[in-house]
Each structure stands twice: as structure tokens, then as C-alpha cells.
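Right, one structure below, let's go through it.
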Amino acid sequence: FGVCAAVMSFTTLDAGPNAVPEVCTTIEEVGSTGVGALTITFIILVICSIVFLYKAVNSAAQKKYYLAACIIAVWASLADFAMLSGQGWTVTDGCRQFFYARYVDWIVTGPVTAIWLGLIAGAETTDIVGAVAGIVMWVASTYMASISVAQEVKWCWFILSLCGLAAYVLSLVRTFKVAAEARSEGISQLYTKMVWITVGCSVCYPLIWLFSEGFGNFSVSFEVTTYSILDILARAVVSFMLFGGHDALGDSEAVSQREFV
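Everything in the sequence shown is counted per my numbering, starting at 102 for the first residue and increasing by one.
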């Protein structure tokens, strides 16, 4: 990271023309396609929230898994509601609409997802903390990259965000995977299905950022739409995989149906 430090030191002394945000006469905003994608995602996540809350209330050993899935869906739906309401955004360099509400979403749902998958895999607490640290670094650094005016600083933040993402992904595919395999074959199979979709989506997020907030090639509507698709896959689809892991995860008997002697 010495190169980034040197570049940022130089930029502080002589930031150049990129240090002053341009005055925007027009702003590139999300269009009808993006609004439609946000609306569909919001509805799906609200439904997921209700379903997972019901399962959490009426489950015994699986309560913690469904509760985590519910928290993820609820918090993500709040971010979508904010964006649909015309809130949670500002204008970044390049006169582009930037939804910081998405980062408020990720800084919460990212760590919860890491804890959730760690619980399913039966990973050690220290390993879960490491995964949480990686995803927090990724989200925070990506946010800083998005709001940076100086291009040199922007790309240094982006590189740092990839380091955090790499730590998170390695925790999921190596450390957590070993723990899941040690727990049981059923857990291993369930975890493998869930984690590969999660990792695939996680890798796609910085690619979308690269061509939207990064280079500005993608329109705001296309950016919002692709993020919405990933959100449905990473939050709804992965969470519903829990329904196929009842036997592996433990007692799925409803609390209301249990007999207390």
C-alpha cells in the first residue's frame, strides 16, 4: 500500500483539477427501468421478511438462521424504500446520482450475512470476526472510493476495497467451508449451495461499481437494475435455500407444536 500512500500524499499537496467538484447543470438520475427494478426488489424483500419472521417465531433450533435472514431482508427493503422515496442519494463528481442508502444497507447486511453463514457452517468465532472485518473494509472503502473527487485517491480506495472483499471471500470458501464439512455432510451440501451464490454475487458487485461509479460507462438505471438483481439472488434466493436444509440444520418442529412435560 506504499504506492497508494505516496499518491495520496502528493494529491494532498497538489490535487490538480480533479480536487474541485464540477458544477452540475444537469444530473444523470435513475430512470423508469431502475425505479421498476427497485419496486420489484422491495416487494420481494418485504415478502421475504414476513416469511422469515414467521419461520423464526415458529422454529426451534433453526430460529437463529431464519432471524438472520429476516434481518437481512428487512434492512435491505428499508434501503430500497429510501431510494424509491427519492431519499438516500447525493451527487458525485461527474454529475451522477449516487445512492449512499445502498452502502447503509451493505454495512449492516454484509456483516449479518457473514455471521449467518458462519453460524450455518459452525465456524469459530474468530473466523467469523475476520470475515466481518473483511466485508466492513470492502463496503467502507468502496463508499470512500465513490465519493472521492481526486481520481488517484478514488482508485486507491477501490484497491483497498478489493483487499477487504478478498479476505471475506476467502473466509467463506476456505475457512467456513472446512467448518461446514466437519459439521456434517448435509450441512456441507447446504452451505456449498448458499456460499457459491453469495460469492458469485459478491464478485459481481465491484464489477458493477467499476463501470458505474468507477468509469461511468453504465447508466444509473442500468446500475440500479443490476444491483437489484444481485440483491434478489444474494438475499432472497440464498435465504430460501434454508427451507431445503431442515434435516441438516436440526429440529424444525414448531415451538407451538412441542410438548412440554
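C-beta atoms are modelled at their ideal positions from N, C-alpha and C, and glycine is treated no differently.
By the 10 Å Cβ neighbour count, where 16 or more other Cβ atoms means buried, how is residue i classified, buried or exposed?
i      : result
Gln188 : exposed
Ser186 : exposed
Cys302 : buried
Arg275 : exposed
Phe344 : exposed
Cys125 : exposed
Ile225 : Here residue 225 is Glu; the residue named in the question, Ile, does not match the sequence. By the neighbour-count rule (16 or more Cβ atoms within 10 Å), Glu225 is not buried but exposed.
Val131 : buried
For residue i and residue j, what's the separation of their Cα atoms in angstroms?
i      : j      : result
Gly317 : Phe277 : 36 Å
Ala281 : Ala222 : 4 Å
Val209 : Glu286 : 30 Å
Ala349 : Tyr328 : 31 Å
Ile75  : Thr134 : Residue 75 cannot be examined here, being either before or after the span of the chain that is shown, 102 to 362.
Leu271 : Thr193 : 32 Å
Ala138 : Arg203 : 14 Å
Ser110 : Tyr155 : Note that Ser110 scores a pLDDT of 48, beneath 50, so its modelled location is shaky; the value from the coordinates is reported in the next line. C-alpha separation (whole angstroms): 53 Å.
Glu324 : Ala170 : 25 Å
Ala213 : Leu179 : Ala is not the amino acid found at residue 213; the sequence shown has Val there. Taking the straight line joining both Cα atoms gives about 15 Å.
Ser249 : Thr243 : 10 Å
Ala177 : Trp207 : 8 Å
For the ligand NAD, any of its heavy atoms closer than 8 Å to the Cβ of residue i?
i      : result
Val209 : This structure does not include the ligand NAD; it has no bound ligands of any sort.
With residue i and residue j assumed to form a contact (beta carbons below 8 Å), what rounded beta-carbon distance in angstroms separates them?
i      : j      : result
Ala268 : Trp258 : With 8 Å as the limit, Ala268 and Trp258 do not qualify as a contact, their Cβ atoms being about 16 Å apart.
Tyr292 : Leu331 : No, Tyr292 and Leu331 are not in contact; Cβ-Cβ is about 20 Å, not under 8 Å.
Glu253 : Cys196 : Contact doesn't hold; Cβ gap of about 20 Å is too wide.
Could you tell me which of the options sits nearest to residue i, measuring between CA atoms?
i      : options                        : result
Ser340 : Tyr167, Ile144, Ser133         : Tyr167
Leu266 : Ala215, Ile145, Tyr292         : Ala215
Ile333 : Thr127, Val158, Val147         : Val147
Ile145 : Phe182, Val279, Ala157, Ala234 : Phe182
Does residue i get closer than 9 Å to chain D when you measure Cβ to Cβ?
i      : result
Ala280 : Given the protein chain composition of this structure (a single chain), no chain D is represented.
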